[in-house]
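A short worksheet on the structure shown next.
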Amino acid sequence: MKKRIFVVSALLSVLLSGCAISMDNTYKRSDYNDTVFANNYYKIKDKNIINNIKQTNTFTLDKTNDCVFENYEELKALGTDFDNKVANDEVTYDSLIFSNRNTTYGTVNCLGNIDDSFNHGILSKLTDGMLFCDGDTYQGVRVQIDKDGFVHEYEKKCLYADYFALSFKPGSDYTNNLYPPSATYDIKLNIKFYIEDGDKFVENICSYTMNSVSRNKYYLFGFKLTKNMAQNIKGLGISYDLVNSNEDASVDHCLHLYETLFVNSSWY
Amino acid sequence: MLKKYINLLKEKFSIQWIVYFFLAIVAFNFLDSFNFLIFSSVIVAVILAIFYRKKIDTNDLISLLLFIIPLISFGILAGTSKYNLDPAAPSETENYVFLVLAFIALPFIGFLGRSNKQFNIKTALKVIYIVLGAWMLINFLITVVQYGPFYTFIYKDRYLFEYGHLARLSVDRTSFMLLGFSVEMVSSEYFVLFASILSSAILGVFFVSFKEDKRSFLEYLICGSIGLLCLILTINKTFYLSYFALLVIFIFVVLFGKKILKWNKVTKIVLFSFMGFVVFLVLIFVLNALDVKFISDIVKENAFLTRFFVKNREVYRYYNIIHAFAESKCKHGFTPYLIGQDDITFSGSWLFDMIAITQLTGWAVFMIFIVLIFVRYVKYAKTSKDDISIKVLIIGFILGLLVISLFRYDSMPYFDSTNFLPLYFTVPFVLLLVIYGYIGESKEAIE
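Line by line, the protein sequences give chains A and B. Take 0 as the starting number for the first sequence in numbering that gives the first Met the number 0 and just add one per residue. Take 0 as the starting number for the second sequence in numbering that gives the first Met the number 0 and just add one per residue.
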């Protein structure tokens, strides 16, 4: 009898552990989908990472040495450097064509395709392969960040990755202006990788200043990841600074993030 | 030679075990494939027919065939409908052309069981309830482990974010179920359907003496309790309130019914006028939804009537379907389906959803079948020598399935997909068809 109970309970425990869904991140329909611009910022910084930073290294990216690209054409031009075949039929990032938001580049390389652990939680918006947005609802695609940005800890660790890419579009709260001014400014992007080192994390901040960024354009920014930089990435943080902005300081500014890609990466 | 082996097999092995085994795999939702059920039911029916061909009573068989004519026509219509065959249709991924085979084979299994004296309906019902109970216990435990108790209150109107999108259903409207070999998230209305049927096992407790049949008593009690537990786990505030209201009415009628309500002329008048009023309201609702000009003009002009008959959360989902049906070009055919076109969603009731999926012809045939279930049951209850507990459990099963799904049935039960699962593709409906074959006029009693 005892044997039977043991077998049954073993079977049950296997069954019960068959699916695991984190209940920490449940959202109301209105969360991050408010008509008030300021309520939609995603500001969550994972405490496990923030409280356990052992060391911070800052790298200023160099356009040539780090293979930095600012749009899709530049990525295509880099081509062989990444040892990655880039489809030729991609839509250009400058055009505001929304019908083709599921680009092959996005859907093939998105993290959600690489590992299922990226498909849960609100930041799965950044891993679902959707590089454009028609702006219908916030919940559809965008993650809106302020200058402080966010810090997110992944469930798995990165083993290697060819390059990092970020699809984004700058935005501002011009609710009262039907046609917002097409201001251009320079943006200093800070991409933070958190490398797990024992119980602690090493923070690698990669900074790059993009010149003449406009709110009317989509950008695909990215750079090559060296083996040392990619290995053991457990978390990602993104923040930015405005440089030489001629925008009204009283207007809330943001970045609309669409996708974060670790192209050709492997996670364990 | 073959005969010798068949006889040997007959001696050593009782063929009714195949029926029990079949019922068990159906009740456990084995493989979660309706096509598997279709073909396995045909195989079981053929095996039974081979073994019991001599015992079949021709009159009984003709009677059964007459009773399954609407079912056969429904099977042909549903199996060959555009909804089922059109690759663009948002139907299940499987193709159910052979649906009609199952609709013939399943009642036949029940019928053949009845023709055989070795077959015990009590055992068959117990198999259904116990397997269903075990399966629901697993589902109950998985859901509790994942969400915790009272999750319908804790996560009310809260959504999971999966694959870059907000989930279609909020957490309080989902549950976990073991479908085939994998655990999947389904809508809790689908979960409640099984829980409701299972809880009807508790009826058996009232008709079985604990002293005489301790085992059956405990089996019914445990299965019924699991069903009730599942109901308590998943039902939301509206359900709690309606159950509580029903309980109060039930207790009130049992305790004071005889004293207050006497079956005299006044009671009759009050009761019939109340029923007449309800019928009148339903008629107005249907005519208004069908856009009968005279009625709809009156309703449109009056804000209260509009609110009562149209713009009301409970009524609107039914209104929407009838209204869309009235506006659709092909009203009588079977082919067009309304769901997925012009934002028409399921109403949550098979009575109305069937109109949207199968249009008028299919709906009418299905309704005839539903009426025939009760006609057949009444005949069975009057003439059969079966124990009263069996009769009660059978009607409990039928009502447990049809009543709950009349008000709350999700025709898109899967969390991850928008595939349809109409009521006639579900496991309880398959079991109902077997029971439908079993119940019927008992010849012995007439003699």
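Each residue gets a CB set at the ideal place from its N, CA and C atoms; glycine is no exception. Computed from a prediction, not measured in an experiment: that's the story for all the values here.
In the displayed model, residue 193 (chain A) falls within a strand according to three-state DSSP. Cβ-Cβ separation between residue 159 (chain A) and residue 230 (chain A): approximately 6 Å, consistent with a contact (criterion under 8 Å). In the structure shown, the three-state DSSP call for residue 0 (chain B) is coil. Judged by beta-carbon spacing, residue 397 (chain B) lies within the 8 Å limit of residue 372 (chain B), meaning their Cβ atoms are closer than that value.
The residue among B:211, B:118, B:170 and B:162 with its C-alpha nearest the C-alpha of residue 143 (chain B) is B:170. The alpha-carbon separation between residue 208 (chain A) and residue 255 (chain A) amounts to approximately 17 Å. Residue 185 (chain B) does not reach chain A, its nearest Cβ partner there being about 12 Å away, counting only Cβ pairs nearer than 7 Å. Taking C-beta separations shorter than 8 Å and ignoring five residues to either side along the sequence, the partners of residue 389 (chain B) in its chain run 120, 121 and 124, following chain order. The beta carbon of residue 127 (chain A) sits closer than 8 Å to some beta carbon of chain B. Taking every protein chain shown into account, the CB of residue 6 (chain A) has fewer than 16 other CB atoms within 10 angstroms, so this residue is exposed. Interface criterion not met: the Cβ of residue 255 (chain A) is under 8 Å from no Cβ in chain B. Between the segment 423-433 of chain B and the segment 24-44 of chain B there are three or more inter-stretch CB-CB distances shorter than 8 Å, so the stretches are counted as touching. In this structure, residue 120 (chain A) sits away from residue 227 (chain A), with a CB-CB distance that is not shorter than 8 Å. DSSP places residue 190 (chain B) in the uninterrupted alpha helix (DSSP H) bounded by 187-198.
Within 10 angstroms of the beta-carbon of residue 326 (chain B) lie fewer than 16 other beta-carbons, which makes it exposed. Less than 8 Å divides the Cβ of residue 184 (chain B) from the Cβ of residue 414 (chain B). Within the same chain, Cβ atoms closer than 7 Å to the Cβ of residue 118 (chain B) are found at 15, 18 and 112, the five residues on either side in sequence being excluded. Within its own chain, the residues whose Cβ lies closer than 7 Å to the Cβ of residue 75 (chain B), once the five positions on either side in sequence are excluded, are 99, listed in chain order.
Under the three-pair Cβ rule at 8 Å, the segment 284-297 of chain B counts as touching the segment 309-321 of chain B. For residue 222 (chain B), the uninterrupted alpha helix (DSSP H) segment begins and ends at 213-233. The CB of residue 161 (chain B) comes closer than 7 Å to the CB of 118, 119 and 123 in chain A, given here in chain order. In the DSSP annotation of this structure, the continuous segment of the alpha helix (DSSP H) that includes residue 292 (chain B) starts and ends at 292-300.
Where residue 59 (chain A) is concerned, the enclosing beta strand (DSSP E) starts and stops at 52-59. Within the segment 72-151 of chain B, the complete alpha helix (DSSP H) segments of 4 residues or longer fall at 81-84, 98-114 and 120-146, listed in chain order. When DSSP states are grouped into helix, strand and coil, residue 129 (chain A) belongs to the coil group.
Out of B:105, B:135 and B:164, the CA that lies nearest to the CA of residue 128 (chain A) is found in B:164. Chain B places no beta carbon closer than 8 Å to that of residue 228 (chain A), leaving this residue out of the contacts. Residue 141 (chain A) does not reach chain B, its nearest Cβ partner there being about 11 Å away, counting only Cβ pairs nearer than 9 Å. Residue state for residue 347 (chain B) is assigned as coil, using DSSP reduced to three classes.
Annotation: Cβ neighbours of residue 156 (chain B) in chain A (cutoff 8 Å, chain order): 27 and 28. Residue environment for residue 126 (chain A): buried (at least 16 other C-beta atoms within 10 angstroms of its C-beta). No Cβ of chain A is located within less than 8 Å of the beta carbon of residue 130 (chain B).
Residue pairing by DSSP places residue 164 (chain A) opposite A:221 and A:260 in a beta bridge.
Exposure of residue 279 (chain B) is indicated by the presence of fewer than 16 other C-beta atoms within 10 angstroms of its C-beta. Between the segment 397-407 of chain B and the segment 185-201 of chain B, the count of Cβ pairs shorter than 8 Å is three or higher; the stretches touch. Looking at the DSSP output, residue 209 (chain A) bridges to A:186.
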